[in-house]
Amino acid sequence: MAEKRWDVDDLADLIVMEQLMSSLRPEVVTFVQEHQPKTTQEAAEWIRVYEDAQAISGKSSGPRPNKSGNTSSSGPKDGKDEQGHKGSSSRNDITCFYCGKRGHVKKDCLKRQSDQKGVHFVASEELRDVTSTCGIPQLCVPCSKKHFQPHCQVYVNGVKGEGLRDTGADMIVVRASLVPAKAYTGDSLRVRMAEASHACDLNTAVIKVVTPLFTGTIVAIVMDDPPCDLLIRNRVQFVDGVIREVPVYRLPTSFLYSRGPRRNERINLSNPYLPHVQPWET
1 MAEKRWDVDD
11 LADLIVMEQL
21 MSSLRPEVVT
31 FVQEHQPKTT
41 QEAAEWIRVY
51 EDAQAISGKS
61 SGPRPNKSGN
71 TSSSGPKDGK
81 DEQGHKGSSS
91 RNDITCFYCG
101 KRGHVKKDCL
111 KRQSDQKGVH
121 FVASEELRDV
131 TSTCGIPQLC
141 VPCSKKHFQP
151 HCQVYVNGVK
161 GEGLRDTGAD
171 MIVVRASLVP
181 AKAYTGDSLR
191 VRMAEASHAC
201 DLNTAVIKVV
211 TPLFTGTIVA
221 IVMDDPPCDL
231 LIRNRVQFVD
241 GVIREVPVYR
251 LPTSFLYSRG
261 PRRNERINLS
271 NPYLPHVQPW
281 ET
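Numbering of the sequence shown is given in the UniProt record's numbering, commencing with residue 1 and proceeding in unit increments.
Written out as structure tokens, the structure reads:
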């Protein structure tokens, strides 16, 4: 039998499943494991079935519910559980002060236990909004909130400099002092300045850049005194003619390379936010 091929989604789901199970009460874990859920979403459905059945029956222990929420037996009729203790007849009247739902108290609240373990327990319709800025598309609260950071550290032809993400224009702009004479292409582009009535012709050059948004050999406009060393704008033109959209949010460096790159090697990554990866020249 061939071995199962694991992809990033399977690995992320497995991690979330382990975190979710570790946040549950032992009896809930046993119930979920008996039904052998294959995904986190299936496990969440069984947890919901268990909690709904407990809220309806008003007992902390009793017959196992099936997936429809019904119990396999009607339970003790004398108002006592299996240990002979009197059951709580007013269980359904209890309201959780944490989530506001009825049928359980704060210490037994599933949402509270999930929040304390750092797991964002979401409904199925919310799964489509999960982001992947942490490198793996898992359900994590900090990564679901992106923050735009315009300033960043860059390297231009091996020289460390300051970069600025400018979402108001298209072409990349580099400071002239960072461009050697042999890097100029001999071509120029007419650039319209902030004042719409003012435009000028600026030279272009081929430069090697390393930024949090993309890495490679690109064609950029050269200016004598730009606001920073490298203006990162909405589009980047690579030396092979490929033009890509520049992402707004940074890519984690741990996601760019899993090992040290080799010369003349391109790393094949299936990240849609990574526009064009070329070797990191040292």
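All residues carry an ideal CB built from backbone N, CA and C; glycine is no exception. Please read these numbers as outputs of a predicted model, since none were measured by experiment.
Problem - ARG112 (DSSP reduced to helix, strand or coil) - result: helix
Exercise for the section: Could you check the C-alpha separation between GLY100 and CYS109 for me, to the nearest Å? Expected result: 10 angstroms
Problem - Per DSSP, cross-strand counterpart(s) of CYS200 - result: Bridge partners of CYS200 according to DSSP: VAL191.
Handout entry: When GLN149, LEU189, ASP187 and GLN54 are compared against PRO212, the one with the closest alpha-carbon
Key = If we check each option's Cα against that of PRO212, GLN149 comes out closest.
Practice task
Alpha carbon to alpha carbon, how far is TYR50 from GLN153? Give it in angstroms, no decimals.
Solution key: Cα to Cα, GLN153 sits roughly 51 angstroms from TYR50.
Handout entry: DSSP three-state assignment for LEU11, whether helix, strand or coil
Key = helix
Handout entry: Among GLY186, PHE31, ALA44 and THR30, nearest to ASP13 - alpha-carbon criterion
Key = Closest by C-alpha distance to ASP13, out of GLY186, PHE31, ALA44 and THR30, is ALA44.
Practice task
Check whether the Cβ atoms of VAL156 and ILE218 sit closer than 8 angstroms, and answer yes or no.
Solution key: no
Exercise for the section: Return the chain-ordered list of same chain residues with a C-beta closer than 8 angstroms to the C-beta of LEU24, the five sequence neighbours on each side being excluded. Expected result: Within its own chain, the residues whose Cβ lies closer than 8 angstroms to the Cβ of LEU24, once the five positions on either side in sequence are excluded, are VAL32, ILE47, LEU110 and GLN113, listed in chain order.
Practice task
Please name the residue, chosen from ASP224, GLY161, PRO180 and CYS96, that lies closest to ALA205 on a Cα-to-Cα basis.
Solution key: PRO180
Handout entry: Closest by C-alpha distance to ALA53, when choosing among LEU11, LYS38 and HIS104
Key = Ranking LEU11, LYS38 and HIS104 by Cα distance to ALA53 puts HIS104 first.
Practice task
List the residues that DSSP assigns as beta-bridge partners of ILE232.
Solution key: ARG165
Practice task
Report the three-state DSSP secondary structure of VAL184 (helix, strand or coil).
Solution key: Contrary to the premise, residue 184 reads as Tyr rather than Val in this sequence. If DSSP states are grouped into helix, strand and coil, TYR184 belongs with the strands.
Exercise for the section: Give the straight-line distance between the Cα atoms of ASP240 and THR215, rounded to the nearest whole angstrom. Expected result: 14 angstroms
Handout entry: Own chain residues within Cβ distance below 7 angstroms of LYS106, not counting five before or after
Key = CYS96, PHE97, TYR98 and ARG112
Handout entry: For VAL242, the first and last residue of its enclosing alpha helix (DSSP H)
Key = Run containing VAL242: none; DSSP gives neither H nor E here.
Practice task
Could you please give me the residues that DSSP links to GLN153 through a beta bridge?
Solution key: GLU162
Exercise for the section: Spell out the partners DSSP gives VAL248 in its beta bridges. Expected result: DSSP, once it has assigned bridges, lists no residue as partnering VAL248.
Handout entry: Backbone secondary structure at ARG25 - three-state DSSP
Key = coil
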